[in-house]
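One structure is given below, encoded as structure tokens.
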RNA sequence: GCGCCCGUAGCUCAACGGAUAGAGCAACUGGUUUCUACCCAGUAGGUUGGGGGUUCGAUUCCCUCCGGGCGCACCA
């Protein structure tokens with residue numbers, strides 16, 4: 001029996017208790033099934049009596065007793081106990097527990113998928129860097145977390161589109177062009193320009209490919225270098241992200257927003273809702289109507305659209321493409337945007353609580369030999385995605401960035417991430433997968449055809465086996481809650497627990513028969529358990545975009 | 001000044017309002033002739049920054065103070 005099935009049975013009991021007039025509540029409560037930390041509390045615990053107690057006005061332990069009476073006869077449940085303030089603690093029949101392994105092998109790659117977000121269309125926008133340089137550590141965090149979040153949401157049934165907004169318009173990209181142009185002409189790059197070594201590289205590449213550019217006027221050169229640099233830098237970002245296994249569905253250009261008329265369209269929609277006004281020759285959006293601390297300019301007095309105008313148009317455009325939920329992943333230095341974005345939604349007649357979600361990612365630092373790394377060869381005083389991947393590889397980089405909740409800052413310790421031991425969680429988890437693969441390989445070498453043998457779940461009775469089964473049964477709910485809370489780090493943490501449960505099982509339960517021993521029900525059941533664990537590790541790692549190696 | 005995030009074991013960090021606050025590292029004990037020791041089991045370590053409040057129950061929610069990070073453009 002999976003926890004989902006248990007939860008269903010409990011809900012049915014609740015309904016029948018209500019129907020029988022033994023409980024009176026108006027709305028169905030949020031009940032939780034958990035794996036108790038304390039083993040003495042059984043396989044699963046449920047808080048239903050505690051939750052129901054208040055609206056019903058009865059003692060939680062008395063209510064718990066009603067459920068015990070109702071559920072006690074179920075053959076899959078070996079024991080129910082009322083504990084503490086009114087928890088229901090379930091101990092399942094070992095046969096029923098063992099069946100989880102079979103469920104997992106049947107569902108295979110689908111195990112962990114749920115339909116909890118069926119019908120939701122979600123746009124998730126992240127990184128959205130200027131195409132004026134390499135991606136830095138902050139972007140890298142989002143590349144990993146945003147992608148994992150998208151996968152977790154998709155696994156929960158949502159229709160997800162990953163989007164990268166290209167800031168290819170405005171002062172920054174102009175400065176980029178000016179900087180490359182200066183470098184190409186061996187002139188000093190302006191103070192407020194781009195100074196990384198990559199600017200010089202771009203300059204020499206471009207002049208090599210298109211030497212005629214240098215014959216143009218200065219102004220024309222700046223434009224040409226800007227366009228060439230943009231093209232190449234964008235391509236570079238796309239390549240780097242592809243190697244990092246973060247694939248975007250949509251690369252949305254800010255310029256296209258202007259050329260397609262989306263900006264005017266967005267503006268007219270906002271006007272319709274009456275929050276646009278004129279002041280000092282400029283056009284403003286009255287975002288203070290919805291909690292922003294000051295109003296924002298859409299069109300400057302000189303007739304130019306602001307960056308904010310693009311932002312609002314982009315939001316309106318996303319909504320017109322049918323996205324109910326729009327998730328923005330931003331760096332900590334952009335937290336001032338949260339109220340602004342919410343206000344934009346409200347000004348466009350939407351509900352910010354529903355249509356806009358902003359996640360703020362805190363700072364990422366890199367540590368090597370106990371010292372903070374501050375300098376990158378190519379990019380000057382920022383550390384790039386490539387710097388990190390060069391040091392630790394894609395798997396370790398992704399895993400570590402995803403492992404922590406985004407609203408805390410992280411420090412990546414290079415020395416630790418390259419170590420192959422217990423204190424490096426990436427290896428710990430991957431090693432569990434490799435270890436299982438080795439066992440299954442050995443089984444096939446010994447010609448043990450466990451896949452075709454009959455599975456006796458009751459053969460799994462040792463405590464470490466039960467623990468492992470319990471951990472495996474948790475997976476779908478971990479994925480669903482990661483999606484719901486927008487916290488993919490829960491998947492990584494779960495995988496570590498699962499790996500621990502497996503290593504513990506492995507060291508106390510011999511799987512394959514020794515020479516002279518026979519293949520028994522236990523052998524087959526344990527191989528099934530190994531295969532199920534391998535499957536879940538693989539599914540979980542794939543949700544965070546980390547490889548599941550067969551050998552290490 | 002206003003706003004956002006953070007403060008948990010010596011260190012790096014977990015913990016959807018749930019039971020005795022957990023992992024790893026470091027320290028100390030043990031364990032493998034056997035499927036990958038890149039492992040496992042155990043001991044010790046805490047006033048969850050301080051103080052109030054809400055709750056049957058608070059690391060979690062609210063208020064306040066202290067400490068740290070970040071942000072407050074007709075820039076992008």
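In this note's numbering, the protein residues as written are 1 to 552.
Think of the CB as a built atom: it goes at the ideal place given N, C-alpha and C, for glycine as much as any other residue.
{"Asked": "Are residue 437 and residue 464 closer than 9 Å when you measure CB to CB?", "Found": "no"}
{"Asked": "Unbroken alpha helix (DSSP H) runs of length 4 or more, entirely within the stretch 79 to 155: which are they?", "Found": "94 to 107, 137 to 155"}
{"Asked": "Just mark residue 109 as buried or exposed, buried being the case when its beta carbon has 16 or more other beta carbons within 10 Å.", "Found": "exposed"}
{"Asked": "Thinking C-alpha only, which one of 451, 310, 219, 34 is nearest residue 252?", "Found": "310"}
{"Asked": "What is the DSSP secondary structure of residue 221, counted as helix, strand or coil?", "Found": "helix"}
{"Asked": "Taking residue 368 as the reference, which of 61, 393, 82, 411 has the closest Cα?", "Found": "411"}
{"Asked": "Helix, strand or coil for residue 550? Go by DSSP, reduced to three states.", "Found": "coil"}
{"Asked": "Can you tell me where the beta strand (DSSP E) with residue 466 in it begins and where it stops?", "Found": "It is not in any beta strand (DSSP E) - residue 466 instead sits in the alpha helix (DSSP H) that spans 463 to 485."}
{"Asked": "So, helix, strand or coil for residue 194, using DSSP?", "Found": "coil"}
{"Asked": "Report the option in 84, 336, 360, 526 whose CA atom is closest to the CA atom of residue 40.", "Found": "84"}
{"Asked": "Does the separation of the CB atoms of residue 197 and residue 380 fall below 9 Å?", "Found": "yes"}
{"Asked": "Rounded C-beta distance between residue 277 and residue 284? I'm assuming under 8 Å.", "Found": "5 Å"}
{"Asked": "Name the one or two DSSP bridge partners that residue 297 has.", "Found": "284"}
{"Asked": "Note down the Cα distance separating residue 441 from residue 486, rounded to an integer number of angstroms.", "Found": "37 Å"}
{"Asked": "To which residues does DSSP link residue 413 through a beta bridge?", "Found": "367"}
{"Asked": "Counting along the chain, where does the beta strand (DSSP E) carrying residue 252 start and finish?", "Found": "250 to 253"}
{"Asked": "Within 8 Å, do at least three Cβ pairs link the stretch 163 to 181 to the stretch 113 to 127?", "Found": "yes"}
{"Asked": "Using 8 Å as the Cβ pair cut-off and three pairs as the minimum, do the stretch 380 to 400 and the stretch 134 to 150 touch?", "Found": "yes"}
{"Asked": "Are there three or more Cβ pairs, one per stretch, closer than 8 Å when the stretch 40 to 55 is compared with the stretch 23 to 30?", "Found": "yes"}
{"Asked": "Along the alpha helix (DSSP H) that carries residue 393, what are the first and last residues, could you check?", "Found": "385 to 403"}
{"Asked": "Whose CA, out of 399, 302, 235, lies closest to the CA of residue 132?", "Found": "235"}
{"Asked": "Give a yes or no on contact between the stretch 416 to 434 and the stretch 519 to 532, applying the rule of three or more CB pairs nearer than 8 Å.", "Found": "no"}
{"Asked": "Closest to residue 515 by C-alpha separation, out of 475, 454, 443, 473, would be which residue?", "Found": "443"}
{"Asked": "Between the C-alpha atoms of residue 203 and residue 226, what's the straight-line distance to the nearest angstrom?", "Found": "10 Å"}
{"Asked": "Just reading off the beta strand (DSSP E) that residue 331 is part of, what are its end residues?", "Found": "325 to 331"}
{"Asked": "Please name the residue, chosen from 48, 20, 44, that lies closest to residue 11 on a Cα-to-Cα basis.", "Found": "48"}
{"Asked": "Specify the secondary structure class of residue 279 as computed by DSSP and reduced to three states.", "Found": "strand"}
{"Asked": "Looking at residue 82 and residue 100, is the spacing between their C-beta atoms short of 9 Å?", "Found": "no"}
{"Asked": "Once DSSP output is grouped into helix, strand and coil, what is the label at residue 509?", "Found": "coil"}
{"Asked": "Taking the DSSP output, what are the residues bridged to residue 357?", "Found": "327"}
{"Asked": "With contact counted as at least three CB pairs below 8 Å, one residue from each stretch, are the stretch 496 to 511 and the stretch 140 to 150 in contact?", "Found": "no"}
{"Asked": "Exposed or buried, what is residue 335 when buried is set at 16 or more other beta-carbons lying within 10 Å of its beta-carbon?", "Found": "exposed"}
{"Asked": "Does the separation of the CB atoms of residue 86 and residue 63 fall below 9 Å?", "Found": "yes"}
{"Asked": "Pick out whichever of 302, 231, 362 has its Cα sitting closest to the Cα of residue 140.", "Found": "362"}
{"Asked": "Our contact map puts residue 371 next to residue 548 with C-beta atoms below 8 Å; I'd like the distance itself, whole angstroms only.", "Found": "Incorrect: roughly 33 Å between the Cβ atoms, too far for contact."}
{"Asked": "Pull up the distance between the alpha-carbon of residue 345 and that of residue 270, whole angstroms please.", "Found": "10 Å"}
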